[in-house]
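Undergrad: Residue numbers (our numbering): 234 to 366.
Handing you a structure now.
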């Protein structure tokens with residue numbers, strides 16, 4: 234199984250700590266081993282196969298939390314629970330035109346202020362026209 238980028242920064246300290254603690258304080262080693270396993274589970278990136286028929290697919294696991302028109306575009310928000318795979322994928326085939334980091338807050342996804350959260354906007358050129366994710 235593959236893991237999302239950035240997993241090593243969290244998993245390695247847990248596993249190294251578990252190895253050291255297992256010798257000195259075995260119960261702590263077991264806890265750190267469990268933390269490391271949770272980190273790997275959280276950063277999992279399973280293979281996904283899109284359907285053969287043309288169309289738009291969900292860019293992430295989760296639940297659709299909002300659908301509305303903003304600036305002449307349809308916005309679909311997806312709420313990812315802690316148990317969902319936290320990897321975003323391109324919802325359509327095409328070429329990436331731009332990637333823009335938007336700094337912002339880190340409000341809970343269920344908050345109405347989550348519209349101001351940090352995010353990355355990706356503009357795609359597709360056979361069906363331009364898309365922004």
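Cβ coordinates follow ideal geometry from the N, Cα and C atoms, glycine included.
#1: In or out: residue 305 buried (at least 16 other Cβ within 10 Å) or exposed?
#2: Which of helix, strand or coil does DSSP assign to residue 338?
#3: From 303, 249, 299, 321, pick the residue whose C-alpha is nearest to that of residue 278; which is it?
#4: Once DSSP output is grouped into helix, strand and coil, what is the label at residue 310?
#5: Following the continuous beta strand (DSSP E) through residue 250, name the residue where it begins and the one where it ends.
#6: Evaluate residue 247 with the Cβ neighbour count: other Cβ atoms within 10 Å of its Cβ, from every protein chain shown; 16 or more gives buried, anything less gives exposed.
#7: Using three-state DSSP, classify residue 282 as helix, strand or coil.
#8: Is it the case that the segment 322 to 336 contacts the segment 344 to 364, given that we only count it when at least three CB pairs across the two stretches are under 8 angstroms?
#9: Figure out for me which residue from 285, 312, 362, 258 has the closest Cα to the Cα of residue 328.
#10: Cα-Cα, which of 299, 326, 325, 294 is closest to residue 316?
#11: Could you spell out where the beta strand (DSSP E) holding residue 315 opens and where it closes?
#12: Tell me which residue opens and which closes the beta strand (DSSP E) that residue 356 is part of.
TA: Let me lay it out:
#1: exposed
#2: strand
#3: 321
#4: strand
#5: Counting along the chain, residue 250 falls outside any beta strand (DSSP E), though it belongs to the alpha helix (DSSP H) covering 240 to 257.
#6: buried
#7: coil
#8: yes
#9: 362
#10: 294
#11: Here residue 315 belongs to no beta strand (DSSP E), and DSSP marks it neither H nor E.
#12: 352 to 359
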